[in-house]
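Using our numbering, you'd call the opening residue of the sequence shown number 28 and step up by one each time.
The beta-carbon is built from N, C-alpha and C at its ideal position, and this holds for glycine as well.
The next block holds one structure in the form of structure tokens; read it before the comments.
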Amino acid sequence: MIEFEAAPDRVRLTAAYRRHLRRAFMPYRGTGLSLAGLAVVALLPAPRMVATLLAASAVLFFFFSPALLLHRVVEMAWRRNRGLTCWTLSEEGVRGENEGGYGLVRWSAVTRIEQLRGQLYVKLDGGTAMFLPIVALPAEKQQELLAFLRARGLLA
28 MIEFEAAPDR VRLTAAYRRH LRRAFMPYRG TGLSLAGLAV VALLPAPRMV
78 ATLLAASAVL FFFFSPALLL HRVVEMAWRR NRGLTCWTLS EEGVRGENEG
128 GYGLVRWSAV TRIEQLRGQL YVKLDGGTAM FLPIVALPAE KQQELLAFLR
178 ARGLLA
């Protein structure tokens, strides 16, 4: 059993959610590219106002929609998990406990774990994920944690 306390870092949390949601951003980016293509085509026969509106919509969908979605997701996660959390990894699973409550994720629900910029990116069944900040852990504690996960065959 491995126990540690850690508080999330907002910059790292944003990077982790950006990685986790990259597939969810694809429809927005695809719509943006389609609108950009339509704007180029509309430049030829149509008035310039149509092309301008299409180009503005393309920028909105390609850049701003994913950024707004990411901001809202991180804001919700930050409100829920901004304090110190006590993490326990045992034979049962991963338990997180903070002032807002506690939860247990059994190992059977974990599909894969990756190291991502000072945190563990824990992928769960159903497309969800959780992020365990390990950057503040001493090196020997990090190695013990990674060895525990490798022994379970979960660390990618």
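Can you grab the Cα-Cα spacing for the pair residue 69 / residue 61, in whole Å? 12 Å
Pick helix, strand or coil for residue 80, following the three-state DSSP scheme. helix
Give the list of continuous alpha helix (DSSP H) stretches no shorter than 4 residues that lie fully inside the region 98-180. 166-179
If you draw a straight line from the C-alpha of residue 107 to the C-alpha of residue 65, how long is it? 41 Å
Straight-line Cα distance separating residue 110 from residue 126: One alpha carbon belongs to residue 126, the other to residue 110, and they sit about 8 Å apart.
Pair within 8 Å by beta-carbon distance, residue 41 and residue 97: Going by beta carbons, residue 41 and residue 97 fall inside the 8 Å limit.
Verify whether the separation of the beta carbon atoms of residue 83 and residue 160 is less than 8 Å. no
Closest to residue 158 by CA distance: which of 179, 144, 166 is it? 144
Starting from the Cα of residue 100, find the closest Cα among 178, 49, 28 and give me that residue. 49
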